[in-house]
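Working notes for the structure below.
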Amino acid sequence: MGYPAYPVYSESGNQWIGIMPSHWTLLRTDFTTASDKLQVGKEAMENSQVFHYSIPNVQKFGTAQVEEGNDIDSSKLRVIRKQILISKLNPRKATICIAEPHEDFLTVCSGEFVPIVPERNLCLRYCYYALLSDKVTKLLSSKVQSVTRSHQRVNPDDIRKLIWSWPPIVEQQKIADFLDWKTARIDSLIAKKKQLIEKLREKRMALITQAVTKGLDPDAPMRDSGIPWLGEVPEHWEVKRLKFILKSCKGAIKTGPFGSQLHSSEMIYNDVKVYNQKTVIKRDINGGDNYISKEKFKELKAFEIFKNDLLITTRGTIGRCMVVPNDAQQGILHPCLMRIQVDELLSFNRFVEILIQESDLVLKQLQLMSNATTIEVIYSDSLKEVLIPAPPEDEQRSIAKFLDTKINKVDGLILKNEQLIKKLTEYRTALITAATTGKIDVRNIRIPKTDKPETTENAS
1 MGYPAYPVYS ESGNQWIGIM PSHWTLLRTD FTTASDKLQV GKEAMENSQV
51 FHYSIPNVQK FGTAQVEEGN DIDSSKLRVI RKQILISKLN PRKATICIAE
101 PHEDFLTVCS GEFVPIVPER NLCLRYCYYA LLSDKVTKLL SSKVQSVTRS
151 HQRVNPDDIR KLIWSWPPIV EQQKIADFLD WKTARIDSLI AKKKQLIEKL
201 REKRMALITQ AVTKGLDPDA PMRDSGIPWL GEVPEHWEVK RLKFILKSCK
251 GAIKTGPFGS QLHSSEMIYN DVKVYNQKTV IKRDINGGDN YISKEKFKEL
301 KAFEIFKNDL LITTRGTIGR CMVVPNDAQQ GILHPCLMRI QVDELLSFNR
351 FVEILIQESD LVLKQLQLMS NATTIEVIYS DSLKEVLIPA PPEDEQRSIA
401 KFLDTKINKV DGLILKNEQL IKKLTEYRTA LITAATTGKI DVRNIRIPKT
451 DKPETTENAS
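Following UniProt numbering, the numbering of the sequence shown begins with 1 at its first residue and continues without gaps.
Given below as structure tokens:
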């Protein structure tokens, strides 16, 4: 990291702590902190607004949000003074913040938080960074008591009675100042990368929408499609309902079997593959380990998939789509998938895949049909009625080829920036951990009064 170590270390006498700067002190957290436990009942929040430190609010915004008290359906803890909130729920996520009471609203926090109020010879900001360190996150994660990954909890006493090595108070403040400075610079870089990713995603969608609704020739004569949300299309294009580009055979659009027809206990064999949502979402035709017996396959043969079929996710993460490649092994649909079979004389399946997977034209129509802002399930009867732009088949191929090149380029830039965010986040965590465990000595680091954001190259 480029920062010096302390000149002298000594054994802490604690196996988890290991060595520490020789002038630091080993203490249990509750010896230098308090923990507020003031309950606030539901009725106390009714008909008023509250400043709510909920788990989702802290994870998304890093702080509380003003909410209607009538929307809060359980008791909370009251926040009456500045303190640290650390979640006992899923400690691997390191949900932690500095909280303080709002001057205008009753301030409360989730009962899943353990409040920590630093007192004797303890800097609140240093304590926050110590609890945010990777060392603490890993320790608390190793002590979870429940078995499901989505609801793992640690005993609050494992947080309150945490043993830590504490520098003198003046040094704590210097470390906290250093980390405030460095994390602010890193956070600024991360925010800029996220903004760039958002702009790239907008550009990606604009490219796709333009190509699939207007074509590649900017000089092509246009006509009104007669559909408000579609606007003008090239005059030689058609606009068709999806059902009119499918094969004229029974089962050209097919939803997976009912759950009662295929139980999880029947997907433990090794004969015929069951293609599920993960297959489509991850675009991995070979992924997954659900198989049925040959006898069960005979019973469910109507749900078999074939090369060039389009598989569409219909529940949960809906509207994801992929073409079944030539090398796909024999298999059937999972109940959460749908199969459509495009007539290759009328349409190019990759073009249709782009319309469903990459543009929002299909999902927008399904929302309009259902009179809802969100859709939980895609039904075949609704899907086959959606309207889609239908250029000549050769033009569909040209558009698909053009978009594949453009999409891959934009996706590459998005991935590069996502990887940079990951590295910056890892560096941030490593820096916090190194400073609060005494691996680096930042006491003499000069913090400039006016700071310029770091470039990505010198962030590490």
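A virtual CB, placed ideally from N, CA and C, is assigned to each residue, including glycine.
**Prompt:** In three-state terms, what does DSSP make of Met267?
**Reply:** Translated into positions along the sequence shown, residue 267 becomes position 267. In the structure shown, Met267 sits in coil (DSSP, three-state: anything other than H, G, I, E or B).
**Request:** Would you list, in sequence order, the uninterrupted beta strand (DSSP E) runs of no fewer than 3 residues that lie entirely inside the region 275-330?
**Result:** Counting whole runs of 3 or more residues, the region 275-330 contains the beta strand (DSSP E) stretches 310-313, 321-323.
**Asked** For the alpha helix (DSSP H) that contains Cys97, what are its first and last residues?
**Response** Along the sequence shown, one-based indexing puts residue 97 at 97. Counting along the chain, Cys97 falls outside any alpha helix (DSSP H), though it belongs to the beta strand (DSSP E) covering 96-99.
**Request:** Starting from residue 466, follow the beta strand (DSSP E) in both directions and report where the run begins and ends.
**Result:** Summary: the structure shown does not reach residue 466, with the chain confined to residues 1 through 460, and so no result is reported for it.
**Request:** Could you please give me the residues that DSSP links to Met338 through a beta bridge?
**Result:** The count along the sequence shown starts at 1 and reaches residue 338 at position 338. Residue pairing from DSSP places Met338 in a beta bridge opposite Thr255, Ile312.
**Prompt:** Can you list, in chain order, the residues of its chain whose CB lies under 7 Å from that of Asn308, leaving out five sequence neighbours each side?
**Reply:** On the sequence shown, position 308 is the one that residue 308 refers to. The beta carbon of Asn308 sits closer than 7 Å to the beta carbons of Val323, Val324, Asn349 from its chain, once the five residues preceding and following it are set aside; these are given in chain order.
**Item:** Sequence-distant residues of the same chain with beta carbon closer than 6 Å to Met45, five excluded per side
**Value:** Translated into positions along the sequence shown, residue 45 becomes position 45. Only Gly69, Ile72 meet the Cβ criterion.
**Item:** Separation of Val377 from Ile447, as counted between CA atoms
**Value:** Along the sequence shown, one-based indexing puts residue 447 at 447. Along the sequence shown, one-based indexing puts residue 377 at 377. Each residue's alpha carbon lies about 54 Å from the other.
**Item:** Beta carbon proximity, Gln172 to chain B, threshold 8 Å
**Value:** Of the protein chains in the structure, only one exists, and it is not chain B.
**Message:** Among Leu387, Pro4, Asp327, Arg320, whose alpha-carbon lies nearest the alpha-carbon of Ile354?
**Reply:** Taking the sequence shown and counting its residues from 1, one reaches residue 354 at position 354. Taking the Cα of Ile354 as reference, the smallest distance to any Cα among Leu387, Pro4, Asp327, Arg320 is reached at Arg320.
**Where Leu361 falls: helix, strand or coil (DSSP)** = On the sequence shown, position 361 is the one that residue 361 refers to. Leu361: helix per DSSP, three-state reduction.
**Request:** Look at Ala64 and Ala94 and say whether their C-beta atoms are less than 8 Å apart.
**Result:** Taking the first residue of the sequence shown as 1, we reach residue 64 at position 64. Taking the first residue of the sequence shown as 1, we reach residue 94 at position 94. Against a cut-off of 8 Å, the Cβ pair of Ala94 and Ala64 comes out as no contact.
**Asked** Would you report the Cα separation of Asn26 and Cys127, rounded to the nearest angstrom?
**Response** Position 26 of the sequence shown holds residue 26. Position 127 of the sequence shown holds residue 127. A small correction: the amino acid at residue 26 is Leu; Asn does not occupy that position in the sequence shown. Their backbone Cα atoms lie some 14 Å apart in a straight line.
**Prompt:** What first and last residue would you give for the alpha helix (DSSP H) that runs through Ala211?
**Reply:** Walking along the sequence shown from the start, residue 211 turns up at place 211. Unbroken alpha helix (DSSP H) run through Ala211: 169-214.
**Asked** Should the region 300-314 be regarded as contacting the region 243-256, the criterion being three or more beta carbon pairs within less than 8 Å?
**Response** Segment contact: the region 300-314 against the region 243-256, three or more CB-CB distances shorter than 8 Å; contact assigned.
**Message:** Less than 8 Å between the C-beta atoms of Ser142 and Thr433, yes or no?
**Reply:** Mapped onto the sequence shown, residue 142 falls at position 142. Mapped onto the sequence shown, residue 433 falls at position 433. For Ser142 and Thr433, no; Cβs fall outside 8 Å.
**Straight-line Cα distance separating Tyr379 from Lys240** = By one-based count along the sequence shown, residue 240 stands at place 240. By one-based count along the sequence shown, residue 379 stands at place 379. Rounded to the nearest whole angstrom, the CA to CA distance from Lys240 to Tyr379 is 19 Å.
**Message:** I'd like to know if the region 227-243 and the region 256-274 are in contact, where contact means that at least 3 CB-CB pairs between them fall below 8 Å.
**Reply:** With the cut-off at 8 Å, the region 227-243 and the region 256-274 do not touch.
**Prompt:** According to DSSP, what are the bridge partners of residue 467?
**Reply:** Beyond the ends of the chain as shown, which are 1 and 460, falls residue 467; an answer cannot be given.
**Message:** Buried or exposed for Asn444, going by 16 or more other Cβ atoms inside 10 Å?
**Reply:** Within the sequence shown, residue 444 is the residue found at index 444, counting from 1. Exposure of Asn444 is indicated by the presence of fewer than 16 other C-beta atoms within 10 angstroms of its C-beta.
**Request:** Taking Arg92 as the reference, give the member of Leu131, Ile407, Ser188 with the closest Cα.
**Result:** Taking the first residue of the sequence shown as position 1, residue 92 is located at position 92. For Arg92, the nearest C-alpha among the options comes from Leu131.
**Message:** If I measure Cβ to Cβ from Pro391 and keep anything under 6 Å in the same chain, skipping five residues before and after, which residues do I get?
**Reply:** Within the sequence shown, the letter at position 391 stands for residue 391. Taken in chain order, the residues that qualify are Trp237.
**Request:** Can you say whether Gln210 is buried or exposed, counting buried as having 16 or more other CB atoms within 10 angstroms of its CB?
**Result:** On the sequence shown, residue 210 is found 210 positions in, with the first residue counted as 1. Gln210 is exposed by the Cβ-count criterion.
**Item:** Classification of Asn458 by the beta-carbon crowding that lies within 10 angstroms, buried from 16 upward
**Value:** Within the sequence shown, residue 458 is the residue found at index 458, counting from 1. Only weak support is given to the placement of Asn458: the predicted model assigns it a pLDDT of 36, under 50, and the value that follows is read from those uncertain coordinates. Residue environment for Asn458: exposed (fewer than 16 other C-beta atoms within 10 angstroms of its C-beta).
**Asked** In the structure shown, what three-state DSSP assignment does Gln145 receive?
**Response** Within the sequence shown, the letter at position 145 stands for residue 145. Three-state DSSP puts Gln145 in coil, outside helix and strand.
**Message:** Cutting at 8 Å between CB atoms, please list the residues of its own chain near Gly13, excluding the five before and the five after it.
**Reply:** Residue numbering aside, residue 13 sits at position 13 when the sequence shown is read from its first letter. Excluding residues within five positions, the ones whose Cβ falls inside 8 Å are Leu26.
**Asked** Would you say the region 111-121 touches the region 154-166, given that touching needs at least three Cβ pairs under 8 Å?
**Response** Judged by Cβ distances under 8 Å, the region 111-121 makes contact with the region 154-166, as three or more pairs qualify.
**Asked** With C-beta atoms as the reference, is Leu310 less than 8 Å away from Val342?
**Response** Residue 310 sits at position 310 when you count from the first residue of the sequence shown. Residue 342 sits at position 342 when you count from the first residue of the sequence shown. Cβ distance < 8 Å, so Leu310 and Val342 count as in contact.
**Message:** Just to confirm before moving on: does the CB-CB distance between Phe402 and Leu216 stay below 8 Å?
**Reply:** As a working mapping, residue 402 is identified with position 402 in the sequence shown. As a working mapping, residue 216 is identified with position 216 in the sequence shown. In contact: Phe402 and Leu216 (Cβ atoms closer than 8 Å).
**Asked** Buried or exposed: which applies to Val8, given that a residue is buried once 16 or more other Cβ atoms fall within 10 Å of its Cβ?
**Response** Against the sequence shown, residue 8 aligns to sequence position 8. Within 10 angstroms of the beta-carbon of Val8 lie fewer than 16 other beta-carbons, which makes it exposed.
**Where Phe297 falls, given that 16 or more other Cβ within 10 Å makes a residue buried** = Indexing the sequence shown from 1 puts residue 297 at position 297. Its Cβ being crowded by 16 or more others within 10 Å, Phe297 is buried.
**Message:** Quick check on the DSSP output: the alpha helix (DSSP H) that includes Asp157 runs from which residue to which?
**Reply:** Residue mapping note: residue 157 aligns to position 157 of the sequence shown, counting from 1. The continuous alpha helix (DSSP H) containing Asp157 extends over residues 156-160.
**Request:** Write down the C-beta distance between Met338 and Ile312 rounded to the nearest angstrom, noting that I regard them as a contact closer than 8 Å.
**Result:** Counting from one through the sequence shown, the residue named residue 338 turns up at place 338. Counting from one through the sequence shown, the residue named residue 312 turns up at place 312. 5 Å between Cβ atoms; contact.
**Prompt:** Going along the chain, which residues of its own chain have a beta-carbon closer than 6 Å to the beta-carbon of residue 481, five neighbours each way excluded?
**Reply:** Since the first residue of the chain shown is 1 and the last is 460, residue 481 is not available in this structure.
**Asked** Around the C-beta of Ser74, are 16 or more other C-beta atoms found within 10 angstroms, so that it is buried, or is it exposed?
**Response** Along the sequence shown, one-based indexing puts residue 74 at 74. Within 10 angstroms of the beta-carbon of Ser74 lie fewer than 16 other beta-carbons, which makes it exposed.
**Residues of its chain near Ile190, where Cβ-Cβ distance is below 6 Å and the 5 sequence neighbours each way are ignored** = Mapped onto the sequence shown, residue 190 falls at position 190. Excluding positions up to five away in sequence, the list reads Ile421, Leu424.
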